[in-house]
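Peer 1: Numbering (the working numbering), first residue to last: 6 to 209.
Heads up, the beta-carbon is just placed ideally off N, CA and C, and yes, glycines get one too.
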């Protein structure tokens, strides 16, 4: 019989105590997510420029790319999908960003924590569980964003990026503009502003 579980919660700046192994939607705050994601570097910080390329900015890029892939959806479905795109990496506000090859090597232990956090985040903001088509679209948008980040910021040659991510077309100008890394406070405020633009007032 195993002994008592040690502390697995983290105190957030909002004052919440978020249990990382058994997260409650009540302890999820969008301000904490925006603050954390703006301070987590993509590509382990190995990107060009005076600022890190944060997960918050990556999330805005994925939302812009995915919105273009989705085409003309009904208003409600479109908003829900865009929030799903924006929050697709939201668990990283407390568990950090791990590059895909290392994540695969770590295996199910990391993925299980990530899944539990994402479930709590979706419940907090009343997001439906995405269906297969939505999951595929988010994955595709994430891959396109990673491809362009790799070439523009992370030192990949185009043929290397083609081999790793698969060839991708050029980005639309509004998405292309999101590849210039921002200071932390700018990434945080723009992520938060976009969330509120998509959702309106935060659920009580």
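Expressed to the nearest angstrom, what Euclidean distance is found between the alpha-carbon atoms of residue 148 and residue 21?
Peer 2: Approximately 33 Å between the Cα atoms of the pair.
Peer 1: When burial is assigned at 16 or more other CB atoms within 10 Å of the CB, is residue 171 buried or exposed?
Peer 2: Exposed, because fewer than 16 other Cβ atoms sit within 10 Å of the Cβ of residue 171.
Peer 1: Grouping DSSP H, G and I as helix and E and B as strand, with all else coil, what is residue 19?
Peer 2: In the structure shown, residue 19 sits in coil (DSSP, three-state: anything other than H, G, I, E or B).
Peer 1: Would the beta-carbon of residue 47 fall within 8 Å of that of residue 154?
Peer 2: Yes, the pair counts as a contact, with Cβ atoms nearer than the cut-off.
Peer 1: Measure the C-alpha to C-alpha separation of residue 55 and residue 168 and round it to an integer number of angstroms.
Peer 2: Computed Cα separation, rounded: 28 Å.
Peer 1: If you drop the 5 nearest sequence neighbours on each side, which residues of the same chain put their C-beta closer than 6 Å to that of residue 192?
Peer 2: Result list for residue 192: 43, 59, 61 and 62, in chain order.
Peer 1: Buried or exposed: residue 120, going by 16 or more other Cβ atoms within 10 Å of its Cβ?
Peer 2: That one is exposed.
Peer 1: For residue 132 and residue 97, which I take to be in contact (beta-carbon distance under 8 Å), what is that distance rounded to the nearest angstrom?
Peer 2: Incorrect: roughly 17 Å between the Cβ atoms, too far for contact.
Peer 1: Among 178, 30, 38 and 52, which has the Cα closest to the Cα of residue 101?
Peer 2: For the residues 178, 30, 38 and 52, the minimum Cα distance to residue 101 belongs to 38.
Peer 1: Answer yes if the region 127-142 comes into contact with the region 102-115, meaning at least three C-beta pairs across the two stretches below 8 Å, and no otherwise.
Peer 2: As far as the Cβ criterion goes, the region 102-115 does not touch the region 127-142, which means the pair count is below three.
Peer 1: Starting from residue 105, trace the alpha helix (DSSP H) in both directions and tell me its first and last residue.
Peer 2: Per DSSP, residue 105 belongs to the alpha helix (DSSP H) from 105-111.
Peer 1: Decide if residue 122 is buried, meaning its Cβ has at least 16 other Cβ atoms within 10 Å, or exposed.
Peer 2: Label assigned to residue 122: buried.
Peer 1: Between residue 71 and residue 146, which are expected to be in contact by the criterion C-beta below 8 Å, what is the C-beta distance as a whole number of angstroms?
Peer 2: Indeed they touch by this definition, with Cβ atoms about 3 Å apart.
Peer 1: What number of angstroms, rounded off, separates the C-alpha of residue 30 from the C-alpha of residue 23?
Peer 2: Approximately 9 Å, taken between the alpha carbons.
Peer 1: On a Cα-Cα basis, can you pick out the residue from 202, 196, 205 and 201 that is closest to residue 64?
Peer 2: Checked all of 202, 196, 205 and 201; the closest Cα to residue 64 is 196.
Peer 1: Taking Cβ positions, are residue 159 and residue 51 nearer each other than 8 Å?
Peer 2: Yes. Within cutoff.
Peer 1: Using 8 Å for Cβ pairs, my map puts residue 152 next to residue 175. What's the rounded Cβ distance?
Peer 2: Incorrect: roughly 11 Å between the Cβ atoms, too far for contact.
Peer 1: Which residues in the same chain have their Cβ closer than 8 Å to the Cβ of residue 116, if we skip the five residues on either side of it in sequence?
Peer 2: Around residue 116: 108.
Peer 1: Can you check which of these residues, 104, 180 and 138, is closest to residue 49 by C-alpha distance?
Peer 2: Ranking 104, 180 and 138 by Cα distance to residue 49 puts 104 first.
Peer 1: Using beta-carbon positions only, say whether residue 91 and residue 183 come within less than 8 Å of one another.
Peer 2: Against a cut-off of 8 Å, the Cβ pair of residue 183 and residue 91 comes out as no contact.
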